[in-house]
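Okay, so here's the structure we're looking at.
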Amino acid sequence: MSSIHTVRLCHLYPHMMNIYADRGNIAVFRQRLAWRDMALVITEIGLGDDIEPGQHDLYYLGGGQDRDQNLVAKDLVAKSPALQAAADAGGAQLYVCGGIQLAGHSYVTADGTQLPGLGILDLTTEAGDSRLIGDLVIDATIAGTTHRVVGYENHVGRTRLGPSCVPLGRVVSGHGNDGESGSEGAIYNHVIGTYLHGPLLPKNPWLADLLLGWALDHRYGPDVVLRPLEDTIETRAHDAAIARAGVNR
Amino acid sequence: MAKRPGRNIPGYLALDAAPSTLTRVRRLAGLVASASGWLSRKLGRGGGTTLPGVVLLKLRPDAVAEYASDLGHGTVLVSATNGKTTTTRLLAAATRAAGYQLVTNTEGSNLERGIAAALLKGHRGADLGLFEVDEAALASIAESARPQVVLLMNLFRDQLDRYGELETLVDKWRDLLDELEAHHEPPVLVLNADDPNIAALGEGRTNVVWFGVDDISHAIGEREHAADATTCRDCGAPLQHQVVLVGHLGHWTCPNCDTTRPIPTISASAIELKPTGQMVTLLYPAPTGPRVELTVESPLPGLHNSYNIVAAFAASWAVAERTKRPQQAQSVARAIAQTAPAFGRGEQIELDGKQIQLLLAKNPTGVNQNVRTILASPGDLHVLVLLNDRTADGQDVSWIWDVDWETMRTRVGSLTLGGDRAWDLALRFKYGGFDMDNVKVGPDPAKALDIALAATPLGQTLFALPTYTAMLDLRWELTRRGHTEAYWSDQT
């Protein structure tokens, strides 16, 4: 099986940035490849580790506690060029919760400290005076098609987008980026940032497949096809979460 | 402790020689509050264990402080993410056996209203208050209860939508301990040396009794995924665990600075785990000379309960020290031996020739321990998991992804999933590699119970892991079928 298609995942700070069930997103990447006789190889990157340029097709950064996020923000400065280059080269990147804040230009914490960001997504974040918590439903439009995406949000940051990135979607129910603009998340090239956890990918498998498709494209070109999977349980959990949020499918 | 005249007479309705207007108002408030609980039960509106506290605090906002100041030996507060109910029950049995007259909230809510209700009902003749306290409510309750002993056992990630991040709680607890230390009579702190976050709370303080588990034969290979205390509180470097016992509890050091696990004052030096309980050998300081050993038998299963047992023993030791009473180690051991599992925390219910064991599912570390305990049973396992997302459960169900369910994949004989978010559970097990053709899924808890029971052979045990409100649903269903008593009649 030497010709098995393999996605190389770079998992950033898995032992620090993992509090919003980020493990579930990784499990979805792994299983949805395995069910198609493909493989996922994971490289875990922690404080002080180097990212080898060009060696990964997919990057993931999840959410963490404030203390850990502060340590990570400082550590990411040295990794910024490699991640920026990967984003420009079409590598797929997913930044969830604390991740979207770190992918932007900067994050101003509650005590006024400005933490550096990667600057991959054109956005800035500032701590608000209350946490935005609850079910979150959005309509995400990517490449002309719109999907209803469901999850949960829990963040104190208020994220505002600059002119060179677009929101991932419009809020149907919940708070989104800042609780007032109606925008949620951000997308640039094959880079997605979002506050949606729950975790995000199990109940929204099309988004997992989109990211996996981009990653395979990055490594093998556009000829590798992801065959459809049976997603009955995914759909039922998706619909149950939407019903809970009190909106229509 | 100084007592105000006229307020320490046993019997709430006993008349003072000349009751002041204030005393009359307090009594009336107490009467009204008590009546509300009676009325609630008569109307079938649930246990009525908390309502009197709500009413009392409306009429007398300082009720907890007023009652607490009347207790001759003061109060003991117990808090943790996991194990506070079981440990408070163990400690209640231990202190009663040692001769204290106890007022405690082991049957009710662990918020201020629950403690107020317990005091209202049980303060007469009591000389010691023992209260389980919600971790987020600890600071405000400690302010009014002015504890003599505070037992802090562990902090794990739990319902982030309710409690927020762990670090925030740790900081709140540290501020509280600083404040308590400034009092003229600071409490004795009974702290878990094996939890790096709890250990950091005791750093630099002198009034600490440390407890921990020294028996490393039950170690797991590495920290569980849900472990949180992974970096040093002092310098931020990644902590090294030489031994992991439960979640991030174990024997740890910081390789960067000199911070390390404190040496326990009282420890579990040998633990023998059995499917239906355990033997724990405790090492504790003798009045003179070296530490002495005492072996305790307990019907509580699992290593997490070893921690509860050593914590309760350490706290009972601290209470005796603080109140200058002689140690009653043998009677404490007997009391621990007689303490059965608390409501939903491993209790067994007989049903048509089968057993149901209820194992409350609250958070990743707690469920991991329950799964570990289940795995100690021989043969195929029959398992029912119920997931609700109501306020008391936590509305964010993402925590189920942090549980290591995969460890029971090859052992499951039947698996039934239910509750409001049954399909989220189904997704979790699907991506955990379970064969979903053999998993039954449906939200209705009564139907899920039927299916799970039908799949459990005669003479065997169905292990039920419900979230809090799902457990109430399940208990209600079992009560309706006449198999167990309603929870408010569950006296200890």
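Chains A and B are the protein sequences, given in the same order. If you read the first sequence in my numbering, its first letter stands for residue 18, the second for the next number, and so on. If you read the second sequence in my numbering, its first letter stands for residue 1296, the second for the next number, and so on. We put the beta carbon where it would ideally sit given N, CA and C, even for glycine.
Closer than 8 Å to chain A by CB, residue i
i: B/Arg1452; result: yes
i: B/Trp1547; result: no
i: B/Trp1700; result: no
i: B/Gly1713; result: no
i: B/Asp1688; result: no
i: B/His1479; result: no
i: B/Met1731; result: yes
i: B/Ile1304; result: Summary for B/Ile1304: the model assigns pLDDT 38, below 50, so the residue's position carries little reliability, and this model does not support an answer.
Residue i: contacting residues in chain B (beta-carbon distance under 9 Å)
i: A/Asp83; result: Glu1460, Glu1462, Thr1463
i: A/Arg261; result: Asp1684, Gln1690, Asp1715, Arg1716
Host beta strand (DSSP E) of residue i (start-end)
i: A/Lys96; result: Looking at the DSSP string, A/Lys96 is not in any beta strand (DSSP E), and its letter there is neither H nor E.
i: B/Pro1761; result: 1756-1761
i: B/Arg1391; result: Here B/Arg1391 belongs to no beta strand (DSSP E); instead the alpha helix (DSSP H) covers 1379-1392.
i: A/Thr162; result: 162-178
i: A/Ala203; result: 203-205
i: B/Phe1426; result: 1423-1427
i: A/Gln110; result: 109-113
i: B/Thr1668; result: B/Thr1668 -> not in any beta strand (DSSP E); alpha helix (DSSP H) instead, spanning 1659-1670.
i: A/Leu75; result: 75-78
i: A/Ile209; result: 208-211
Closer than 8 Å to chain B by CB, residue i
i: A/Glu251; result: yes
i: A/Leu93; result: no
i: A/Lys220; result: yes
i: A/Ser19; result: In this predicted model, A/Ser19 has a pLDDT of only 49, less than 50, meaning its place in the structure is not dependable; the value taken from the coordinates is given anyway. Chain B, which has no Cβ nearer than 8 Å to the Cβ of A/Ser19, makes this no.
i: A/Pro133; result: no
i: A/Leu267; result: Here chain A comprises residues numbered 18 to 266, so residue 267 of chain A is not present and cannot be evaluated.
i: A/Ala56; result: no
i: A/Ala257; result: yes
Beta-carbon neighbours of residue i, restricted to chain B and to distances below 7 Å
i: A/Ala44; result: Tyr1726
i: A/Gln48; result: Tyr1726
Contacting residues, own chain, Cβ-Cβ under 6 Å from residue i (five flanking each side not counted)
i: B/Arg1299; result: Here B/Arg1299 scores only 40 on pLDDT, less than 50, and its place in the model is too uncertain to base an answer on.
i: B/Thr1370; result: Ala1363, Gly1424, Ala1440, Pro1442
i: A/Gly230; result: Leu243
i: A/Gly136; result: His122
i: B/Pro1711; result: According to the sequence provided, residue 1711 of chain B is Thr. The question's Pro does not apply to it. Answer for B/Thr1711: Leu1679, Lys1735, Ala1743, Ile1746, Ala1747, listed in chain order.
i: A/Gly41; result: Pro216, Pro219
Alpha helix (DSSP H) segment containing residue i, residue limits
i: B/Lys1416; result: 1407-1417
i: B/Val1349; result: 1346-1354
i: A/Asp156; result: Looking at the DSSP string, A/Asp156 is not in any alpha helix (DSSP H); the run it does join, the beta strand (DSSP E), is 140-159.
i: B/Ala1565; result: Run containing B/Ala1565: none in the alpha helix (DSSP H); it sits in the beta strand (DSSP E), 1561-1569.
i: B/Phe1608; result: 1598-1617
i: A/Trp231; result: 222-237
i: B/Ala1375; result: Neither: B/Ala1375 is in no alpha helix (DSSP H) and is coded neither H nor E.
i: B/Leu1701; result: A small correction: the amino acid at residue 1701 of chain B is Glu; Leu does not occupy that position in the sequence shown. Where B/Glu1701 is concerned, there is no enclosing alpha helix (DSSP H), given that its DSSP letter is neither H nor E.
i: B/Leu1748; result: 1740-1750
i: A/Gln131; result: Counting along the chain, A/Gln131 falls outside any alpha helix (DSSP H), though it belongs to the beta strand (DSSP E) covering 131-133.
i: B/Thr1399; result: From DSSP, B/Thr1399 is part of no alpha helix (DSSP H) but of the beta strand (DSSP E) over 1397-1399.
i: A/Leu50; result: 39-51
i: B/Leu1455; result: 1455-1458
C-beta neighbour in chain E for residue i, strict 8 Å
i: B/Thr1525; result: In summary, chain E is missing from the structure at hand, where the protein chains are A and B.
Bridge partners - residue i, DSSP secondary structure assignment
i: A/Ile259; result: Paired residues: none, contrary to the question.
i: B/Met1574; result: B/Glu1567, B/Glu1592
i: B/Phe1506; result: B/Asn1487, B/Ile1561
i: A/Ala56; result: A/Thr23
i: B/Trp1547; result: B/His1536
i: B/Glu1642; result: B/Leu1653
i: B/Thr1711; result: B/Leu1679, B/Lys1735
i: B/Arg1586; result: B/Pro1580
Cut-off 7 Å between Cβ atoms - residues of its own chain near residue i, not counting five sequence neighbours on either side
i: A/Asp195; result: Arg175, Thr176, Arg177
i: B/Pro1533; result: Thr1525, Thr1526
Where residue i meets chain A, residues with beta-carbon distance less than 7 Å
i: B/Asp1697; result: Ala38, Arg40
i: B/Asp1456; result: Ile150, Asn171
Chain-ordered neighbours of residue i on chain A, where CB pairs are closer than 8 Å
i: B/Ser1693; result: Tyr37, Ala38, Gly41, Tyr169, His214, Gly215, Pro216
i: B/Ala1721; result: Ile250, Arg253, Ala254
i: B/His1520; result: Asn35, Arg40
i: B/Gly1516; result: Correct list: empty, because the minimum Cβ distance to chain A is about 15 Å.
Cross-chain neighbours of residue i in chain B, by beta carbon under 8 Å
i: A/His32; result: Thr1525, Pro1533
Sequence-distant residues of its chain with Cβ nearer than 8 Å to residue i (five each side left out)
i: B/Leu1414; result: Ala1358, Val1359, Tyr1362, Ala1363, Val1398, Gly1424
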